[in-house]
Amino acid sequence: MDEQKLIQQHLANERTYLAWIRTAIALVGIGFLATTLHINAGPGEGGTEETLVLTVSIGALALGILTIVGSTVNYYTIRKNINESRFRSSSWLIGFMTSIAVLLVLLVGVYIFAVN
541 MDEQKLIQQH LANERTYLAW IRTAIALVGI GFLATTLHIN AGPGEGGTEE
591 TLVLTVSIGA LALGILTIVG STVNYYTIRK NINESRFRSS SWLIGFMTSI
641 AVLLVLLVGV YIFAVN
């Protein structure tokens with residue numbers, strides 16, 4: 541199929557992909573932020589605080605990687621669907637990312653309350 545006829549749809553797909561990449565970078569940044577705040581707070585007593593900050597950091601990194609992989613797969617799926625004049629809602633991706641964001645915010649909240 542001639543992709544020239546569908547330029548706007550393909551450009552919108554690329555913008556969406558780049559937005560997902562920015563989201564992945566932000567997720568990884570949250571992990572680094574949690575680690576940096578924990579290190580700058582001074583030596584801890586270990587235990588729960590250390591486990592929480594480690595969980596937030598590794599979890600944020602893993603979620604960032606999953607977001608990059610998922611968004612890349614989604615980009616190519618949508619590209620194919622555009623070329624085949626099909627539309628399928630990606631509600632599973634929205635639900636997944638919402639769950640991940642809520643989980644990450646809860647983990648950071650639990651860490652903040654555990655430190656104080």
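For what it's worth, my numbering labels the leading residue of the sequence shown as 541, then goes sequentially. Cβ atoms here follow ideal geometry from the backbone N, Cα and C, with glycine treated the same way.
Next item on the list: Count the other CB atoms, across all protein chains shown, that sit within 10 Å of the CB of residue 604; report buried if there are 16 or more and exposed otherwise.
Entry: As a position in the sequence shown, residue 604 is number 64, starting the count at 1. Residue 604 sits buried, since 16 or more C-beta atoms from the chains shown fall within 10 Å of its C-beta.
Next item on the list: Output the boundary residues of the alpha helix (DSSP H) element that contains residue 554.
Entry: On the sequence shown, residue 554 is found 14 positions in, with the first residue counted as 1. For residue 554, the uninterrupted alpha helix (DSSP H) segment begins and ends at 547-580.
Notebook entry, point to check: Is it right to say residue 607 is buried, meaning 16 or more other beta carbons lie within 10 angstroms of its own, or is it exposed?
Noted result: The count along the sequence shown starts at 1 and reaches residue 607 at position 67. The Cβ neighbour count for residue 607, taken over all protein chains shown within 10 Å, is at least 16; the residue is labelled buried.
Margin query: Between the alpha carbons of residue 635 and residue 563, how many angstroms are there, rounded?
Written below: Here residue 635 corresponds to residue number 95 of the sequence shown, with the count starting at 1. Here residue 563 corresponds to residue number 23 of the sequence shown, with the count starting at 1. Pairing residue 635 with residue 563, the inter-Cα distance amounts to about 15 Å.
Checklist line | Rounded distance between the beta-carbons of residue 567 and residue 600, thought under 8 Å | finding: For the purposes of this step, residue 600 is taken as residue 60 along the sequence shown, with counting starting at 1. For the purposes of this step, residue 567 is taken as residue 27 along the sequence shown, with counting starting at 1. Indeed they touch by this definition, with Cβ atoms about 5 Å apart.
Notebook entry, point to check: Exposed or buried, what is residue 609 when buried is set at 16 or more other beta-carbons lying within 10 Å of its beta-carbon?
Noted result: One-based indexing of the sequence shown puts residue 609 at position 69. With fewer than 16 other Cβ atoms within 10 Å, it is exposed.
Note to self: So for residue 626, helix, strand or coil by DSSP?
What the structure shows: Residue mapping note: residue 626 aligns to position 86 of the sequence shown, counting from 1. When secondary structure is reduced to three states using DSSP, residue 626 falls in the coil class, being assigned neither helix nor strand.
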